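A short write-up of the structure that comes next.
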Amino acid sequence: MATTAQVVIFCPLPPKPNGIADYLAEQLPYFSDCIDVTVVIENHAPDPVAICPRVRVMRLAEYLARWDEFARVVHVYHVGNNPDTVYMLEVLLSRPGITVVHDLNLHYLIDLTNLSKGDKAGYTKALTNQYGVQGKVIGEQLSSHGWKGRFMPHELMMHSSIIDASSQIIVHSQYSAQKIAALGHQRVSLIPHHLSPGIRQFQPKLKMNYRGQLGLPGNKVVITSMGFIAKAKQIKAVLNSLAELKAQGLDFVYVLAGQCKPHEYDVYQDIADSGLTENVVVTGFLDEQDFFKYLLASDFIINLRYPTGGESSGTLSRAMGLGLGCIVVNIGPFAEIPDECAVKLDYDETFEANLTASIKRLVENPVERVTLGLNARRWVERSHNIALTTKQYRAVIEQEQALLENRQMNRSALPAKLWRYMPKSAVAKWLTNNQNWVGELNTQSSGALWWLNNTLPVGVSGPLLLVGEGDACTTLATDLFGYSQNAICTVAPFELESAGAEAVPAHQVDIALAVIPLRAIEADPVRYFARLNQLLAMGAKVSLTVQLDANVRPDVPVARANLMSYLEASGFGVDKVHVGITQVDMQGIYPAISHEEWCFELTKVSWMVNKTPGDYGFKGISELTWLQPAISAGNGRGLA
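For the sequence shown, position 22 matches number 22 in our numbering, and the numbering has no gaps at all.
In structure tokens:
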């Protein structure tokens, strides 16, 4: 890469007590020798320390003041499920770039931007974006009744808005790559979490020296869990197992080497309840020096995460790189560790018994501990080398630079889409000037409510998807609303679910106009609307007119309220509904509508579809699915 290449990186930096800050700080020397690097930190962050001198650091306020200067520069966003990355979200949603997803589940991060500030409507919108109409129901229950399960942030994964807004994604595990690919994102790179170069200054042979410095006994097995002390790390299960082993006569020290979050989890109460007060050491937050000393003072590591947020553990890669055996839950990214490098426990009804047996085995068998640790070190040194991983980062940055040259800015982020409409008087003026043409208009094919009510945005670059028959809709779109004939992609109503839509650029369409007979959707409205959804970008605006036909024999109810329910089940928000002619014109300028039609103004709010909404008669049993890449049409998405 040429030395003139530029990149702007949004990420916290040391001394912020954040693993992502340490992660980037370790990478920067490998980037800055060939890339002009600017790191943007939050306005009130402490002054960075021990950062590569070739790197420029600025605060968010300065970046925003110089917004235009960085318009064509590659952006990288390091996003984690914690408060330290909230500051970058406004920019991420407005300026697509490379997003490094350190935690697949970003529920807490998104919560911090809305619900934690009292914005229940914003939280409902985020849930709807992720889970469609079912998410909307959950959000409305919270707003109306305060219903929120204790484990909802763990069980309901949230990240869709951030994924959709990103040009490229970098993850650290195959698990996360597969989950994001299932959302239909086309550019996902797997780059393993690197092994910290800082471990080179520490020597495993000095274990007893480190124990002396830390006040740990030299004649007992030292077991350690690293990082923030959270309930999801199954600390209570470990304490229960250790209490059982203590009763059997085993002696040990258990170190909780990390920062407590007492408002989330009272670990001291669990320690007392287990009778292990004399056996457990809680260190609080550790600087890097003491962090490595505690690792090297340990005999093995317990790193249990269930449920998993898809996070990759930097502390675990460091521990394994130092030759320490580990016990993990066989789930998510941790399931990808080779079997010979860790003890991997399934989280099932046998979990606690197997945990107790595994701890006992490693306490009593130093040879097994050493063998496990050596295997782990060889694997990490081979696959997590920082020179290799930063080379992979540079390749993604080069690719993003090429993409940036032709990118239309502000496309992907739902909050960034602002629509412009004609003045209402413009429609009346156009009607006056085109009375002869309007008098001959067959509204049975063209519809009338969509253009009489000015439902189509104007001034939009990019394609207009037109689902309809005849030339009248095209004429109205070009002559009245100003769309270019070349920008209109036309699909016949009965061909939307077949090969007729293959020429449409999948999920790149921001505006759609559909005028369809009711019989086009009579078999399965949700399937039809979901096919429309799959062609659209997130946040796209849709003007949908459904024309009624007395001869329709639908398989499911198709009253107007039913259709609104089906549209929401298909990932759309219903903004407005128009029924019948809205005004009387005594001079006969406005066309007569001899049939009934319903016009829905819609916004695409989610990729999630409920294939069996309540009105389908399945007694409330929902079948949710993401709109995934279609197998038959390589550029689209299909119902899974």
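Cβ atoms here follow ideal geometry from the backbone N, Cα and C, with glycine treated the same way.
Please read these numbers as outputs of a predicted model, since none were measured by experiment.
Under a Cβ-count criterion, where at least 16 other Cβ atoms within 10 Å of its own Cβ denotes burial, should residue i be classed as buried or exposed?
i    : result
G249 : exposed
K604 : buried
L388 : exposed
G310 : buried
C473 : buried
L216 : buried
W67  : exposed
H172 : buried
R382 : exposed
G275 : exposed
W598 : buried
V44  : The sequence shown places His at residue 44, not Val. Classification of H44: exposed, given that the 10 Å Cβ count is below 16.
H145 : exposed
Y421 : exposed
V7   : buried
Q141 : exposed
G97  : buried
D510 : buried
K391 : exposed
P12  : buried
S484 : exposed
V49  : exposed
E623 : exposed
T277 : exposed
S461 : exposed
D84  : buried
Would you mind giving the Cβ-Cβ distance between residue i and residue j, rounded to the nearest angstrom? I have them listed as a contact below 8 angstroms.
i    : j    : result
S641 : V367 : Only positions 1 to 640 of the chain appear in this structure, which leaves residue 641 out of reach.
D615 : V574 : Between V574 and D615 the Cβ distance is about 14 angstroms, and since that is not below 8 angstroms, they are no contact.
K692 : S225 : Here the chain comprises residues numbered 1 to 640, so residue 692 is not present and cannot be evaluated.
A126 : M158 : 6 angstroms
L431 : V438 : 6 angstroms
V255 : T283 : 7 angstroms
E155 : P307 : 7 angstroms
F300 : I199 : Actually they are not in contact, since the Cβ atoms of F300 and I199 sit about 17 angstroms apart, beyond 8 angstroms.
S498 : L476 : In fact, because the Cβ distance is near 26 angstroms, the residues do not count as touching under 8 angstroms.
A428 : L464 : Actually they are not in contact, since the Cβ atoms of A428 and L464 sit about 23 angstroms apart, beyond 8 angstroms.
D111 : P153 : 7 angstroms
What number of angstroms, rounded off, separates the C-alpha of residue i from the C-alpha of residue j?
i    : j    : result
R361 : Y77  : 43 angstroms
S543 : L602 : 6 angstroms
V552 : N454 : 29 angstroms
V129 : Q203 : The residue you asked about is not Val; residue 129 is Asn in the sequence shown. Rounded to whole angstroms, N129 to Q203 spans 49 angstroms at the Cα level.
V100 : I169 : 6 angstroms
R527 : L627 : 11 angstroms
R318 : K207 : 16 angstroms
S425 : L452 : 11 angstroms
Q27  : I386 : 7 angstroms
G636 : E502 : Annotation note: pLDDT 35 at G636 (below 50); position unreliable, coordinate value reported separately. Their Cα atoms are separated by approximately 8 angstroms.
L532 : N114 : 30 angstroms
V74  : A550 : 56 angstroms
E244 : I20  : 36 angstroms
A5   : E69  : 14 angstroms
A512 : T478 : 14 angstroms
Q289 : M58  : 27 angstroms
G314 : K117 : 30 angstroms
G468 : Q534 : 18 angstroms
V328 : G258 : 17 angstroms
L183 : K576 : 28 angstroms
P14  : V40  : 13 angstroms
V188 : I9   : 18 angstroms
V558 : A569 : 14 angstroms
Q547 : F572 : 19 angstroms
E352 : L304 : 12 angstroms
I302 : I359 : 9 angstroms
P192 : L316 : 12 angstroms
Answer with yes or no whether the minimum CB distance from residue i to chain C is below 8 angstroms.
i    : result
E623 : The chain inventory of the structure shown lacks chain C, comprising one protein chain alone.
Only counting runs of 3 or more residues, tell me where the beta strand (DSSP E) segments fall wholly within the segment 204-283, in order along the chain.
221-226, 252-257, 280-282, all fully within the segment 204-283.
Considering only residues of the segment 499-545, which uninterrupted beta strand (DSSP E) runs meet the minimum length of 3 residues and lie entirely inside it, listed in chain order?
Counting whole runs of 3 or more residues, the segment 499-545 contains the beta strand (DSSP E) stretches 509-517.
Starting from the N-terminal side, write out each stretch of the beta strand (DSSP E) that is 3 residues or longer and does not extend beyond the segment 323-370.
Runs of the beta strand (DSSP E) lying entirely within the segment 323-370 and spanning at least 3 residues, in chain order: 325-329, 343-345.
Segments of 4+ residues assigned as alpha helix (DSSP H) that fall wholly inside the segment 149-173
Listed in chain order, the complete alpha helix (DSSP H) runs (minimum 4 residues) inside the segment 149-173 are 152-155, 160-164.
Using 8 angstroms as the cut-off, can you tell me whether the segment 53-61 makes contact with the segment 23-41, which would need three or more C-beta pairs spanning the two stretches below that distance?
Yes, they touch.
Is it the case that the segment 283-296 contacts the segment 190-203, given that we only count it when at least three CB pairs across the two stretches are under 8 angstroms?
Contact holds: three or more Cβ-Cβ distances are below 8 angstroms.
Could you tell me whether the segment 330-346 touches the segment 261-269, where touching means 3 or more Cβ pairs closer than 8 angstroms?
No: fewer than three Cβ pairs fall under 8 angstroms.
Do three or more CB pairs link the segment 128-142 to the segment 562-580 at distances below 8 angstroms?
Counting C-beta pairs closer than 8 angstroms gives three or more between the segment 128-142 and the segment 562-580, which meets the contact rule.
Going residue by residue through the segment 70-116, where are the continuous beta strand (DSSP E) segments of at least 3 residues, counting only ones entirely within it?
Qualifying beta strand (DSSP E) stretches, in chain order: 74-79, 98-101.
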